[in-house]
Amino acid sequence: MKVALLLTAVLVLPIAAQAQSQDQIQDFGLAGPPVIETQTLDAAQDFDAGILKDGALDTNLWQGTSAARAAQLLADAPLKDTDPIIRNIVRTVILSGGVPPQAKTGQDAQAYESARLQAVLAIESGRSGDTATLDGFLARNPELARAPLAQVDLALSKGNWQRACEISDTVTTERAKPAWARLRATCHALRGEMSAADVTRDFLRSSGYDNPAYHAQMDALLAGRGPAPETDQTDALVTFLSGRVSKEKIVAAPPAPGRDADLMSLFRNFDVIDLATLETTLGNISFDATLPDLDLETALSTSEPRATARLFILGRAGNAAAMDAFITRAIAAGVQEDTALNRLAPLIQTLPAKGRVNTNLMRYTRAAILNRDIESLQLIYAALPEGPLQARVALIADALGGGFAGQGLGRDIEGRLSAPTLRAQAVTDAQIALALGASLSDIAAEGLEDAPLSKLTLPQNQLLMLDAAVRANSRAEISLRVATLLARPDLTVTDKARITSALTQAGLPQFAGQIAAHVFFEGLKPTS
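In mature numbering (1 follows the signal peptide of the UniProt record, and there is no 0), the protein residues as written are -19 to -1, 1 to 509.
Written out as structure tokens, the structure reads:
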């Protein structure tokens, strides 16, 4: 929501004092007559309303960036990337409130607002059934909420295709644009107007619209089949189509309700279902009044839904092995591991550290990294025996907690720099630690003097512009440029160190620390 920030200063000195004459003032040696001093009002500033409560960028996030450049950066951002770090960076930028970038023309301002809206829709509207963030953002930005496409995506995210199609019916001037033509084709098909749907599809294809997931879903819809497997979580229309019920399934007798169907539905909606509902549903699936509760050994030995749900119940009660087995089964059912680790984070944090270490050190350490859970890392560190694994977890915790800023590399890294068999990993660790702001000792300098480093593959022109954004202290631009660079394939350690260094210099340790922690995590290699 655009609001005005008015900065004023008015100093009022005692009026009674003004009654004194200049002669009296001089007689008593006073400095001068008191006056009412006013200062000119500063110009009102627009303000974009945000929705993030924690981790938002400061209100001057776009300082030094023009609206035209901001619009292009948002349009080029990797909105479809599923990497949790990249998504977190982009999401932080678009959902942070602050002064918008300076626009030279009204057209530039409109382009920025449109790009921001499209980025929010791409990140948030594809999560069918989970519209709280999108609802909140649009409520605080009513001028954006009035955009027809925003209303369409919100309706589709809530499963209300009828409302989306009603909005489409009112569009006249932009009907030929792909965003509206593809929705119109879908509406024709959903209304049973198959000939009109085919004609509109032909128009889309001839105009060069290429979206494999959309076309796959439309092929299935027009053929009367169930949803196609192709999907796109950043596209509300495709997400809606991938979750619809086919005509064949509507006509056929619905599947009998039971544990299999309930568990399948839960896993299918794992990313949007809240933890309380998840606990209740799995509790119901695991319970059978005619049978005793399954113990861990029995639950592990069978794949039936009741056993899978029982693993969750045992995990919630503090059994790290049971929780690990439940997560493994969720992944096998199609749930992304990062999604499971994020959704179950409150329960994972309560598991005994020793159990996490003994069951699956890699998975539980990654869970802590994803959620910036430094306390869990400290507990895992304490539960590990002294040695390389413990030292590795310490590096990860230091990366997330800012432990390298202004500090030395530490005895662990410096000691390994002089050990031939350990030097390669030590060089990697030193690169990342220095990028986080660690100081360079003489011992470390000697160890790094002739150390071979991986190649820098990032485009020099992109690094040039990143450096300029760092100097301008434009944290939104820095973040989006970093997200785009991180989305490049096959990044080397040197690439990641270069990006981490830029973020550190820009005062964005929350992003720098997560990148560094993931690099350190790659060196965590349990022997058994």
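Note that beta-carbon positions come from the ideal geometry of N, C-alpha and C, so glycine has one too.
- Beta-bridge partners of Gly79 (DSSP): Asp29.
- From the listed residues Ala288, Pro333, Arg127 and Arg404, the smallest Cα separation to Glu278 is found for Ala288.
- A Cβ-Cβ contact shorter than 8 Å links Gly504 with Gln406.
- By the criterion of a C-beta distance shorter than 7 Å, Arg97 is surrounded in its chain by Leu55 and Ile75, once the five residues flanking it on both sides are discounted.
- Counted as a single uninterrupted DSSP element, the alpha helix (DSSP H) harbouring Asp243 occupies residues Arg240 to Arg249.
- Cβ contact annotation for Leu222 (same chain, cutoff 6 Å, sequence separation greater than five): Gln198, in chain order.
- Membership of Asp410 in the alpha helix (DSSP H) is indicated by the continuous run Arg404 to Ala416.
- In the structure shown, Ser176 adopts helical secondary structure according to DSSP, grouped into three states.
- Put simply, the backbone Cα of Asn341 is about 50 Å away from that of Gln91.
- The three-state secondary structure of Ser455, taken from DSSP, is coil.
- Under the three-state reduction of DSSP output, Ser420 falls in the coil class, being neither helix nor strand.
- Contact between Ala378 and Ile394 is ruled out by a C-beta separation of about 14 Å, above the 8 Å threshold.
- Annotation: Trp43 to Glu94 spans about 13 Å, alpha carbon to alpha carbon.
- Judged by DSSP in its simplified three-state form, Ser47 adopts strand.
- In terms of CA proximity to Leu38, Leu461 leads the group Asp471, Thr154, Leu272 and Leu461.
- Residues Asp319 and Leu351 of the same chain have their beta carbon placed closer than 7 Å to that of Pro65, with the five preceding and five following residues left out of the count.
- In the DSSP annotation of this structure, Ala204 is not part of any alpha helix (DSSP H), being labelled neither H nor E.
- Straight-line measurement puts the Cα of Ile32 at about 7 Å from the Cα of Gly117.
- Here Met304 is buried, its C-beta having at least 16 other C-beta atoms within 10 Å.
- Three or more Cβ pairs closer than 8 Å define a contact, and the segment 185 to 205 meets that threshold against the segment 155 to 164.
- DSSP, reduced to helix, strand and coil, places Tyr190 outside both helices and strands of the structure shown, so it counts as coil.
- Between the segment 258 to 277 and the segment 290 to 305 there are three or more C-beta pairs closer than 8 Å, enough to call the two in contact.
- Assigned with DSSP and collapsed to three states, Ser357 falls in helix.
- Distance from the Cα of Ala48 is smallest, within the candidate group Arg353, Asn339, Asp476 and Gly87, for Gly87.
- Fewer than three beta-carbon pairs drawn from the segment 267 to 277 and the segment 307 to 327 are found closer than 8 Å, and the two stretches are therefore not classed as touching.
- Within the same chain, Phe501, Gly504 and Leu505 come within 7 Å of Arg373 by CB-CB distance, once the 5 residues on both sides are set aside.
- Across the structure, Thr220 and Ala178 are spaced so that their CA atoms are roughly 19 Å apart.
- Non-local C-beta neighbours of Ala290 in its own chain, meaning closer than 6 Å and more than five positions away in sequence, comprise Leu263, Ile266 and Ser267, ordered along the chain.
- At the C-beta level, Tyr345 and Arg337 come within 8 Å of one another.
- Cβ contact annotation for Leu171 (same chain, cutoff 8 Å, sequence separation greater than five): Trp142, Cys146 and Leu202, in chain order.
- Taken atom to atom, the span from the alpha-carbon of Thr151 to that of Gly315 is near 39 Å.
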